[in-house]
Amino acid sequence: MPKKLATQFVKDQFEKYGYTVPDDFSYKNNVTHYKVIDNTTGRHISLTYKQLQYRIKRGRAEYIPPNPFMNLPLTESRQSKPSFKRWADQQDEIKNLPPEQQFNAYNFYNNALLKLLKKKDFDLTFSENESTFELLAFIEAAKKASLKLSDFDIKLTLTDIHGNVDYRHLNPNTIHFLTNTLNDSDMARITDSDDAMFDSILYIQTMHVEFIPNKKSKRIVAGFFPYINKSDIDLKRYGVFNSIDEEDINDSCLIHAFKCSGILTTDELNMLKSFVTTRIVPQTALKDIADLLKIHINCKVLYEDTGKLSHEDYGEEYDGDSQNANARRIKLIITNSHYLLNERTNISECYIKRYDEINNDNRFKNHKRKMMLQKFDPNRYSFAKKGLKIHRLLYMMIKQGLLVPMSDKQFSTVKWSFKPSTIDFNGSSETQLWSGISRKVWVGDKKDTKYKRVNRVKQTQHFFGYKPDEGEVDDRLNELQQVIDSLRLRKHVNVRLYYKFSELMQKIIFEYGCYDNVYELSGNEAKSIRNECVFPKIKTFNEKPFYSNEKLYYIDLNGAYMSAVKYIPTGKVDSEGNFEGKCTKIKLLIEELYEARIKAKKEGKDKLATTLKFLMTSSWGWSIRRPKVIKNHYVKDVNTYIETYAPFVIKYKYNKDGFSGFVDTINPFVPHFTIPQFARSVLNEFKSKIDKIKKLVNVYYENIDAILINESDYLKLNELGYIGDELGQFKIEHIFTEIAIKSTKRYVATLDNGTKYYHCVKDTVDYNEFVNEVKALI
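At position 78 of the sequence shown (counting the first as 1) the number is 154 in the numbering used here, and the numbers step up by one without a gap.
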């Protein structure tokens, strides 16, 4: 009797000749059928080891992963497009790349997909110049493999070109976030604390992919009702569908419930849809939604294991008289991790229990009230006065087999189908189409978080604008507190309660009175104004290469944009984008802070001066901020936290103890109101200031807040009072005796002391060769 073959040997044979076997593959004998994937066709087939040997003898070759460069015809017809081309054409971010980059992305996709399907830890290395497209390819591979990965929690360890390490989890929310970030990589940004996260993605060098089996005790939340309706009962109102192909199944179930309730205006519904970033919306977000919509939300939770109900009320103060039929209120219930309207239906218990009998009875096949039958026999029948409550109806339909669980494939398809609204820098969005809703600016008091105080969570560079030494934080906070206390604020502001300079500055602006009668905008009201915000660009003379060997002055505007902060428009916006008035207190506030900064520099307090600079520069940048889709949490036990909130985890970082650390999660509900009229006023004032200077002198080079002029023009500006140390005046940054500008950012020059100066050019570059190249281009 021949010796029984080892499982690993048989598995290797299948894979050698192009078949992928299941992870739990175990060889029994050569006539047992195994479900495998034919890698050449992508089809699932049943194959014995004996049949495999027969195919090998008949000429089946060893499997070699497809090379997209092979069999590439000189001229392509629609029918002869190679697989890589069809794949690339489906990727909006890749299809317009040069062919070679498309090939590289496709190869990366195939490699990542093959490794993901093996469900074993692996590493990926990214190219320096193509990391963005390769990461997009990895994302597409993750989507493709998602059905096979449902039993795993996949941990990604990202290392960027600087050696910084980030941890992320592979889930639909992460994929949506990464996709939007990569598509948004060229977008202008006002620098704030999230930029480090963006940079770690954009400059990725390696990725370690680790497969961790899901803990069965942790429930996987769906965010949709994971059953298919097989009855003739229309349950679409409750987010229960007859097929996964129905359009509304891709909506967040919470949005669907509000839409079907009919209590919101079209603008309110579109606003709510734009503010929801994930399919799964935790119950805790209902308070913010109630406050936003000024609506009373009663939400019950049905616990399937015990059948018990609990309930919470949000926004009861907006209900007024509970007997008022016109009051704004909605009743929801959560079952199977799914939001639906909590109401009675027009379906009786009898209809569910005797579904087949009723529908096979000729008396009721087309009867309008058959679903409300209470009892019936061959001679008589009667109807119920009221139907089942929705949660009871669903329970009975599941029990009777009228609702069947989604298959793994259906579940995975629906799980990945949700696409959150994305708002770009100009405010455009698939769903942000409502005319606009506005509200008065209100910046509440920062609460003293006991957890942060007890655990001594200290401020970081996100607050100071630089990375402080651990032992100096208290001293730096005391210095800053003295400056803030010197301002004429309506209420004391405790700087120790803040962890981002931008949030602190907003509270200072509010308490200084700068936001009095100022409105936050949303929708098209905000979008139309934001579209008018034109940022200055770096320019050379005639936008061509430039060379000069005369004495030139490179002068920098003190305070830059801060010198253009004059007022904030007040009141509501009219149909033409105009506002009722102006609040000029912001100018006074900036002047006070600027004076404090100059004083700090004179006293040698450079770190305090840096923080004050970041505070001021964030003042108007906040007015056109992006939606805050990320929440940062300091937690004692990182592992426990990410297990609990796995669907929302984006990244995390351990402290030295290996347990505590910071976890970043997707914010499921992000109200996005901005004050673009403030940014527009600053940019218009800044342009007016620069345009006025450009009418007085010849500008050879312009770099946002700095200009390059000759000596006679410098003396002219000095005589007119434009040169000095005050806010809004120019100061000398450099004096050049020669300069060669090849492009807007790349130039070399000689300083008046003879030192060679390189801007965005490596100092190893031959200076004279660079100058000669520029001369040749003129």
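For each residue, glycine too, the CB sits at the ideal point set by N, CA and C.
Query raised in the report: Based on the DSSP secondary-structure assignment, which residues constitute the bridge partners of THR716?
Result: As a working mapping, residue 716 is identified with position 640 in the sequence shown. In the DSSP output, where bridge partners are listed per residue, THR716 has none listed.
Query raised in the report: Where does LEU190 sit, in a helix, a strand or coil, going by DSSP?
Result: Counting from 1 along the sequence shown, the entry for residue 190 is found at position 114. Of the three classes helix, strand and coil, the one that applies to LEU190 here is helix, per DSSP.
Report task. Give the range of the beta strand (DSSP E) segment to which ASN885 is assigned. Result -> Nothing about residue 885 can be reported from this structure: the residues present for the chain run from 77 to 854 only.
Query raised in the report: By how many angstroms is the C-alpha of TYR243 removed from the C-alpha of TYR730?
Result: For the purposes of this step, residue 730 is taken as residue 654 along the sequence shown, with counting starting at 1. For the purposes of this step, residue 243 is taken as residue 167 along the sequence shown, with counting starting at 1. About 9 angstroms.
**Report entry** Where ASP268 sits in the DSSP three-state scheme
**Finding:** Taking the first residue of the sequence shown as position 1, residue 268 is located at position 192. Bear in mind that a pLDDT of 39 at ASP268, under 50, signals an unreliable position, so the number given afterwards is only what the model happens to contain. Here ASP268 sits in coil by DSSP.
Query raised in the report: Residue range of the beta strand (DSSP E) that ASN374 falls in?
Result: Translated into positions along the sequence shown, residue 374 becomes position 298. ASN374 -> beta strand (DSSP E) spans 372 to 378.
Query raised in the report: Straight-line CA distance for TRP163 to GLU286?
Result: What you label residue 163 is simply residue 87 of the sequence shown in a count that begins at 1. What you label residue 286 is simply residue 210 of the sequence shown in a count that begins at 1. So the two alpha carbons sit approximately 26 angstroms from each other.
Requested in this report: List the endpoints of the continuous alpha helix (DSSP H) containing ASP632.
Outcome: Position 556 of the sequence shown, counting from 1, holds the residue named residue 632. It is not in any alpha helix (DSSP H) - ASP632 instead sits in the beta strand (DSSP E) that spans 628 to 633.
Query - Bounding residues of the alpha helix (DSSP H) (the contiguous stretch that carries ASP561) - result: Numbered from 1 along the sequence shown, position 485 holds the residue referred to as residue 561. Unbroken alpha helix (DSSP H) run through ASP561: 549 to 561.
Query - Close Cβ partners of ARG532 (< 8 angstroms) along its chain, the five nearest in sequence each way excluded - result: Taking the sequence shown and counting its residues from 1, one reaches residue 532 at position 456. Excluding residues within five positions, none has a Cβ falling inside 8 angstroms.
Requested in this report: Please name the residue or residues paired with ALA825 in a DSSP beta bridge.
Outcome: What you label residue 825 is simply residue 749 of the sequence shown in a count that begins at 1. Partner(s): ILE815 and TYR833.
Query raised in the report: Going by C-alpha distance, which of PHE806, GLY239, ASP321 and ASN247 is nearest THR282?
Result: Indexing the sequence shown from 1 puts residue 282 at position 206. With distances taken between Cα atoms, THR282 lies closest to GLY239.
Requested in this report: Just the C-alpha distance for VAL758 and ASP197, rounded to the nearest angstrom, thanks.
Outcome: Counting from one through the sequence shown, the residue named residue 758 turns up at place 682. Counting from one through the sequence shown, the residue named residue 197 turns up at place 121. Their Cα atoms are separated by approximately 51 angstroms.
Query raised in the report: Any idea if PHE85 is buried or exposed, counting beta-carbon neighbours within 10 angstroms, 16 or more meaning buried?
Result: To locate residue 85, count along the sequence shown from 1; it is residue 9. Result: exposed.
Query raised in the report: If you compare alpha carbons, which of TYR591, GLY635, LEU688 and LEU796 is closest to TYR643?
Result: Here residue 643 refers to the residue found at position 567 of the sequence shown. Measuring from the Cα of TYR643, the nearest candidate turns out to be TYR591.
Query raised in the report: Should the stretch 210 to 219 be regarded as contacting the stretch 180 to 189, the criterion being three or more beta carbon pairs within less than 8 angstroms?
Result: yes
Query raised in the report: Is it true that the stretch 318 to 331 meets the stretch 340 to 352, where meeting means three or more beta-carbon pairs spaced less than 8 angstroms apart?
Result: yes
Query raised in the report: Can you find at least 3 beta carbon pairs, one from the stretch 666 to 683 and one from the stretch 835 to 853, that sit closer than 8 angstroms?
Result: no
Query - Buried or exposed by the 16-neighbour rule on C-beta atoms within 10 Å, applied to CYS836 - result: Residue numbering aside, residue 836 sits at position 760 when the sequence shown is read from its first letter. Looking at its Cβ environment, which holds fewer than 16 other Cβ atoms inside 10 Å, CYS836 is exposed.
Query raised in the report: So, are the CB atoms of HIS252 and VAL725 less than 8 angstroms apart?
Result: Your numbering for residue 252 matches position 176 in the sequence shown. Your numbering for residue 725 matches position 649 in the sequence shown. Cβ atoms of HIS252 and VAL725: not closer than 8 angstroms.
Query - Per-residue DSSP class, three states only, for LEU772 - result: For this step, residue 772 is matched to residue 696 along the sequence shown. Helix at LEU772.
Query raised in the report: Rounded to a whole number of angstroms, what is the C-alpha to C-alpha distance between ASP524 and SER562?
Result: The residue labelled residue 524 in the question sits at position 448 within the sequence shown. The residue labelled residue 562 in the question sits at position 486 within the sequence shown. One C-alpha to the other measures close to 22 angstroms.
Query raised in the report: How long is the line joining the alpha carbons of ILE280 and TYR390, rounded to whole angstroms?
Result: To locate residue 280, count along the sequence shown from 1; it is residue 204. To locate residue 390, count along the sequence shown from 1; it is residue 314. So the two alpha carbons sit approximately 43 angstroms from each other.
Query - Backbone CA spacing between ALA218 and TYR379 [nearest angstrom] - result: Numbered from its first residue, the sequence shown carries residue 218 at position 142. Numbered from its first residue, the sequence shown carries residue 379 at position 303. Between ALA218 and TYR379, the C-alpha separation is close to 33 angstroms.
Query raised in the report: At which residues does the beta strand (DSSP E) containing VAL519 begin and terminate?
Result: On the sequence shown, residue 519 is found 443 positions in, with the first residue counted as 1. From DSSP, VAL519 is part of no beta strand (DSSP E); its letter is neither H nor E.
Query raised in the report: Can LYS407 and GLU393 be called in contact, C-beta distance under 8 angstroms?
Result: Against the sequence shown, residue 407 aligns to sequence position 331. Against the sequence shown, residue 393 aligns to sequence position 317. Result no, Cβ atoms of LYS407 and GLU393 do not sit closer than 8 angstroms.
**Report entry** Reference VAL872, options LYS677, SER699 and LEU597, closest by Cα
**Finding:** Residue coverage of the chain in this structure runs from 77 to 854, which leaves residue 872 outside it and unanswerable.
Query raised in the report: Using the beta-carbon count (16 or more within 10 Å), is LEU150 buried or exposed?
Result: The count along the sequence shown starts at 1 and reaches residue 150 at position 74. Its pLDDT being 32, under 50, LEU150 is placed unreliably by the model, and nothing is read from it.
Report task. Kindly indicate the opening and closing residues of the alpha helix (DSSP H) around TYR431. Result -> Along the sequence shown, one-based indexing puts residue 431 at 355. It spans 431 to 436 - the alpha helix (DSSP H) in which TYR431 sits, taken as one unbroken run.
Query raised in the report: Sorted by chain position, which residues of the same chain lie with C-beta nearer than 6 angstroms to GLY804's C-beta, five sequence neighbours on each side aside?
Result: The residue given as residue 804 occupies position 728 in the sequence shown. Cβ within range, chain order: SER639.
Query raised in the report: Between the beta-carbon of TYR710 and the beta-carbon of PHE738, is there less than 8 angstroms?
Result: To locate residue 710, count along the sequence shown from 1; it is residue 634. To locate residue 738, count along the sequence shown from 1; it is residue 662. Yes, the Cβ-Cβ distance between TYR710 and PHE738 is below 8 angstroms.
Report task. Identify which residue in TYR637, LYS658, LYS681 and GLY647 has its Cα closest to the Cα of ILE666. Result -> As a position in the sequence shown, residue 666 is number 590, starting the count at 1. It is TYR637 whose Cα lies nearest to the Cα of ILE666.
Query raised in the report: Out of LEU470, LYS446, HIS467 and ARG439, which has the shortest C-alpha to C-alpha gap to ASN455?
Result: Within the sequence shown, residue 455 is the residue found at index 379, counting from 1. The candidate whose alpha carbon is nearest that of ASN455 is ARG439.
Requested in this report: Please report how far the alpha carbon of THR108 lies from the alpha carbon of LYS92, in whole angstroms.
Outcome: Position 32 of the sequence shown, counting from 1, holds the residue named residue 108. Position 16 of the sequence shown, counting from 1, holds the residue named residue 92. Rounded to whole angstroms, THR108 to LYS92 spans 19 angstroms at the Cα level.
Query raised in the report: Which residues bound the beta strand (DSSP E) around GLN450?
Result: In the sequence shown, the residue the question calls residue 450 occupies position 374. Unbroken beta strand (DSSP E) run through GLN450: 449 to 452.
**Report entry** Residues of its chain near ILE170, where Cβ-Cβ distance is below 7 angstroms and the 5 sequence neighbours each way are ignored
**Finding:** As a working mapping, residue 170 is identified with position 94 in the sequence shown. The residues are ALA164, GLN178, ALA181, PHE209 and LEU212.
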